[in-house]
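In this note's numbering, the protein residues as written are 23 to 766.
Input: a single structure, listed below in structure tokens.
As structure tokens, this is what we get:
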């Protein structure tokens, strides 16, 4: 794309030597430090271990045989065998060699990930990267209600998170309203009706705002590590929630959970089943939808054909077979070489064991997942298949586009940009960016992941770009001159560093991506039809992506994007779904930029434009009491600051004897009476109910199979008892005429 190159071109700085330096204390560098997310330690360890192993075998063979060609050929053979066996451990070869020569392939970006839910903690999502043996726990919050004309204090929010060293992810999702409740691919009539939704719902969009926290443990998932994950993520989650409540006034945020179906059905028993069925189903899938992000519909379990199962098993057997051959060849070669050098058997066995451990822990960590899988079966953990029924495609002619086919009904295409670098002074106007995207009704996903850094990382990554005046300011704190005395001495340099960093709300390693998408209802039967759909989606998506990139550049001055292609696009999509950048041991290879917390505020702000897609309420300033005494409970008071339940609310025993229910609809009044009677049943207080509508039978279903079931007595007029329609049965009844009028 020609225009995408313009978007990502580098800004050229022209500095005036005579210009005065800025006096702003936030002006510490001209260009923000920016790097690729690559773990140098892991990459270097892998490379060094491989080179040492091959060079040792080749050089030892050369010494023993004095044959240069044979030694060189052996080294080349080992390297090729290693590539064939461990190709998916290389970032550019993760999909295999065959993918390099095919222009159209199905990829599996989440094949190495397992998703689990804790039965005792439905809010905690557990993600395991079985290839790198990374165990991640995550909590996701969704903004439910925004406040009218109230601005949050983001400065204090970021300061508190930095002090607690809590990384967070902020994500805004705007997408069309599409519901795929069932697979209609086989029903041509219903499928044709579903295609009409593409035009009917084209102008209906909804906005979702998520905040999430996460924590990672490496290695085999033992009980100790699982408890550490759960405990730490709960601490992070509560910290985020308390800071959000304190600084985002009159804004409601909810922790998403995978609710139990039975619990939701019982809570919905009082409501009309038809009007609330869709809402209840939506509530049950909130956490699932937050992870799937761009993916519509519900995850389904696909029944694969025997051919597909065989092909998958053959691929795994092929990979495992070559890895075992490589390890066996290395062990045999080392043993023979060391025997020629007359090394004792014990030392040879130790060397072989060390080599096997290095290969397993650096190159074949997936083998350790066997032990994790055995332990998971002992815990109360349920695996969920988030992407069953979803196929991902890569088309080499459109390497900057990822195609997604959902349940053989809906085809999506997405393009993505990531923030590459930033030059100061920069200006961010996110309100204008989101306003433009809303005005053009362009679906987009904006994802920000911010990680507070420690002093060691600041010194190694960020000090090279500092101004000279900033280096002088930090002399004696971070910088220590060698050939001269420092300008000033500090008794406690670390405390001075903390003071300097706190004024800026810390330094954050920041990942920012934006993506846009297009969709089409289709059920292609051949590859030719599928490729045709790819081009049709690309025609829609191309202009959306170009426009989104230009809108970003116009409203985020001196912040520059780069378009993601190939493996980077896959990493970006994984980051967008998993909502963090720690899911890969050797790094995601995405760009990240270091920002001061004061600057990061501009990227985390809740824009006023979000009120078009999220419920908005006028802030109400009144306090609800906390000292209520209740005999029975029918609800909770609402805290107007946080828009959350505060304390139980109900009636005392005396109030129940003088209770009058007025206003509202007849259904609401009846539901309230049912709630009161149900609480009286639990409290052991008898009640008599005259049911003229037949709706009170809900109480019987509600208490079915409970210890209160025997306390309900149901009498039906005409069956259980009769009433004389002429005489009321009251002696000397002076109002018998009114009694007759009641019936006739």
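Note that beta-carbon positions come from the ideal geometry of N, C-alpha and C, so glycine has one too.
Since this is a predicted model, take the numbers as computed values, not measurements.
Boundaries of the beta strand (DSSP E) in which residue i is found, first to last residue
i	result
residue 443	432 to 450
residue 424	424 to 428
residue 157	156 to 170
residue 477	Element bounds for residue 477: not the beta strand (DSSP E) but the alpha helix (DSSP H), 477 to 483.
residue 626	Where residue 626 is concerned, there is no enclosing beta strand (DSSP E), although the alpha helix (DSSP H) it sits in stretches over 619 to 626.
residue 143	143 to 151
residue 720	Counting along the chain, residue 720 falls outside any beta strand (DSSP E), though it belongs to the alpha helix (DSSP H) covering 719 to 724.
residue 196	190 to 198
residue 401	Neither: residue 401 is in no beta strand (DSSP E) and is coded neither H nor E.
residue 233	227 to 240
residue 610	Neither: residue 610 is in no beta strand (DSSP E) and is coded neither H nor E.
Beta-carbon spacing of residue i, residue j below 9 Å
i	j	result
residue 534	residue 470	yes
residue 453	residue 177	no
residue 619	residue 529	yes
residue 238	residue 159	yes
residue 54	residue 443	yes
residue 462	residue 51	no
residue 439	residue 536	yes
residue 342	residue 251	no
residue 596	residue 587	no
residue 308	residue 278	yes
residue 420	residue 428	no
residue 163	residue 276	yes
residue 125	residue 256	no
residue 538	residue 464	yes
residue 414	residue 129	yes
residue 270	residue 472	no
residue 103	residue 75	no
residue 467	residue 408	no
residue 134	residue 388	yes
residue 608	residue 68	yes
residue 423	residue 559	yes
residue 82	residue 359	yes
residue 398	residue 57	no
Where the alpha helix (DSSP H) through residue i begins and ends
i	result
residue 254	245 to 269
residue 577	549 to 577
residue 397	391 to 398
residue 530	Segment 529 to 543 is the beta strand (DSSP E) holding residue 530; no alpha helix (DSSP H) there.
residue 593	589 to 600
residue 383	367 to 384
Collapsed DSSP secondary structure at residue i in the structure displayed
i	result
residue 755	coil
residue 418	helix
residue 174	coil
residue 313	helix
residue 773	The shown model of the chain, from 23 to 766, leaves out residue 773, and the question about it has no answer.
residue 343	helix
residue 519	helix
residue 639	strand
residue 605	coil
residue 103	helix
residue 186	helix
residue 762	helix
residue 632	helix
residue 646	coil
residue 736	coil
Buried/exposed call for residue i, threshold 16 Cβ in 10 Å
i	result
residue 301	Caution is warranted here: a pLDDT of 42 is assigned to residue 301, below 50, making its placement in the model unreliable, and the coordinate value is therefore given only provisionally. Label assigned to residue 301: exposed.
residue 192	buried
residue 710	exposed
residue 565	exposed
residue 679	exposed
residue 352	buried
residue 221	The pLDDT assigned to residue 221 is 43, lower than 50, so where the model puts this residue is not dependable; a value taken from the coordinates is nonetheless given after this. Per the 10 Å Cβ criterion, exposed.
residue 626	buried
residue 549	exposed
residue 372	exposed
residue 547	exposed
residue 418	exposed
residue 98	exposed
Go through the stretch 653 to 714 residue by residue and report every complete run of the beta strand (DSSP E) that reaches 3 residues or more, in order. 654 to 661 and 666 to 673
Quick check for students: name the residue ranges of the beta strand (DSSP E) that lie wholly in the stretch 59 to 95, counting only runs of 3 or more. none
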